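As structure tokens, the structure follows; a few thoughts come after it.
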Amino acid sequence: KGQSRAVQTYEFVAWFPPAHQKCRIVQTSTIGHVFGLDFGQNRVQDPADLYWDRCKKTVEENTSKNRIVEHVQELAAECEYLALWLDCDKEGENICFEVISLCGGVDPENVYRAHFSALTAPEIKYAFDHLGRPDKLLAQAVDARQELDLKIGCTFTRLMTRTFLQSATAKFRLREQRCLSYGPCQTPTLWFCVERHKEIQAFERRELHRPKATVLLDGWPLELAWAQGQADDAARARALEARCGTAGRATFLKRRSAQKTARRPEGLNTVQLLKAASTGLGMAPAQCMKVAEHLYSSGYISYP
Numbered sequence: 129k130g131q132s133r134a135v136q137t138y139e140f141v142a143w144f145p146p147a148h149q150k151c152r153i154v155q156t157s158t159i160g161h162v163f164g165l166d167f168g169q170n171r172v173q174d175p176a177d178l179y180w181d182r183c184k185k186t187v188e189e190n191t192s193k194n195r196i197v198e199h200v201q202e203l204a205a206e207c208e209y210l211a212l213w214l215d216c217d218k219e220g221e222n223i224c225f226e227v228i229s230l231c232g233g234v235d236p237e238n239v240y241r242a243h244f245s246a247l248t249a250p251e252i253k254y255a256f257d258h259l260g261r262p263d264k265l266l267a268q269a270v271d272a273r274q275e276l277d278l279k280i281g282c283t284f285t286r287l288m289t290r291t292f293l294q295s296a297t298a299k300f301r302l303r304e305q306r307c308l309s310y311g312p313c314q315t316p317t318l319w320f321c322v323e324r325h326k327e328i329q330a331f332e333r334r335e336l337h338r339p340k341a342t343v344l345l346d347g348w349p350l351e352l353a354w355a356q357g358q359a360d361d362a363a364r365a366r367a368l369e370a371r372c373g374t375a376g377r378a379t380f381l382k383r384r385s386a387q388k389t390a391r392r393p394e395g396l397n398t399v400q401l402l403k404a405a406s407t408g409l410g411m412a413p414a415q416c417m418k419v420a421e422h423l424y425s426s427g428y429i430s431y432p
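Read in order, the letters of the sequence shown correspond to residues 129 to 432 in my numbering.
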């Protein structure tokens with residue numbers, strides 16, 4: 129049912145809390161964002177003038193190709209209520225209002241938003257029974273970020289291309305290069321990667337010595353660590369080892385105890401998840417997100 133073959137459409141009868149009765153419910157989806165952001169028709173020559181140029185929303189190519197707009201509009205024409213189940217983050221909230229803009233026939237008072245953080249039966253049922261309202265401010269935050277990304281990316285791309293393209297193609301032998309692209313997020317991130325690579329390349333190995341001693345305390349072996357931790361002076365480490373080897377006996381000077389309370393670990397956001405996976409498991413970001421998406425879809429983890 130519907131105009132698009134790219135998304136599934138389901139239909140069933142169930143109790144719908146906002147209507148306080150059983151309703152015929154039609155369920156479908158989009159393919160990511162319905163709209164993208166682009167500049168108007170005016171051709172701006174000076175990159176600085178792009179910041180003053182008006183932007184307009186256009187239907188995403190993938191959305192247009194799969195007739196998502198016509199699909200949603202056709203189904204919405206039969207509906208009195210709209211319940212939005214997009215991802216519970218800023219991007220999801222923005223898509224909510226993109227869908228709302230396609231459903232002009234639905235009374236705004238009958239538009240609801242499901243809030244959930246995991247794909248488990250109790251979580252989904254609770255969200256269905258406690259539908260809220262979409263948050264316009266969160267959606268507008270994404271609109272602002274998209275416009276900044278577009279304008280910053282375009283202005284710096286044009287500026288870099290005009291200023292450095294000729295010298296860059298000559299230095300790096302990029303004969304087919306026609307553009308030097310700048311991404312507001314990607315380019316600064318690339319700088320961190322380059323700096324880290326330089327640190328690794330400049331790293332020089334050096335020996336570190338961590339003196340340790342094992343003593344018997346009431347017949348039980350106890351490993352002791354040097355209070356200063358480690359030494360990069362091999363002679364000093366060997367001298368300390370020799371002293372411990374000839375001492376034969378250790379003197380117990382002081383006993384100190386302390387009680388600590390450990391809080392339960394807080395949930396990870398996406399950045400912390402990627403960092404933990406990289407540091408602890410050696411996983412690449414793409415692999416980590418693929419595994420996280422599978423665990424989320426299976427109901428094992430919640431949405432960050």
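Glycine included, C-beta positions come from ideal geometry on N, C-alpha and C.
Nothing here was measured: the structure is a model prediction, and the numbers come from that model.
- As DSSP reads the structure, Y431 sits in no beta bridge.
- The distance from the Cβ of T158 to that of T137 is about 12 Å, inconsistent with a contact at the 8 Å cut-off.
- The C-beta distance from T289 to L308 rounds to 5 Å, short enough to fall under 8 Å.
- Taking a 10 Å sphere around the C-beta of T374, we find fewer than 16 other C-beta atoms and assign the residue as exposed.
- When C-alpha distances from Y240 are compared across E139, A330, G260 and N222, the shortest belongs to G260.
- By the neighbour-count definition (other C-beta atoms within 10 Å, threshold 16), P413 is an exposed residue.
- DSSP places Q169 outside both helix and strand once states are collapsed to three, so it counts as coil.
- The beta carbons of H337 and R364 sit closer together than 9 Å.
- Taking the Cα of P262 as reference, the smallest distance to any Cα among T407, P349 and D217 is reached at D217.
- When C-alpha distances from A205 are compared across V227, N222 and N194, the shortest belongs to V227.
- Burial check for H199: the Cβ neighbour count within 10 Å reaches 16 or more, so the residue is buried.
- If only uninterrupted beta strand (DSSP E) runs of at least 3 residues are considered, those enclosed by the segment 300–380 are 340–345 and 348–353.
- With respect to L278, E221 sits apart: the two C-beta atoms are not nearer than 9 Å.
- A distance below 7 Å between beta-carbons, with the five flanking residues on each side excluded, links C224 to the following residues of its chain, in chain order: L212, L214, R241, P262 and A267.
- Between the alpha carbons of G233 and V154 lies a distance of about 16 Å.
- Apart from sequence neighbours up to five positions away, the residues of its chain that approach H161 with a beta-carbon distance below 7 Å are E188, I223 and E226, ordered along the chain.
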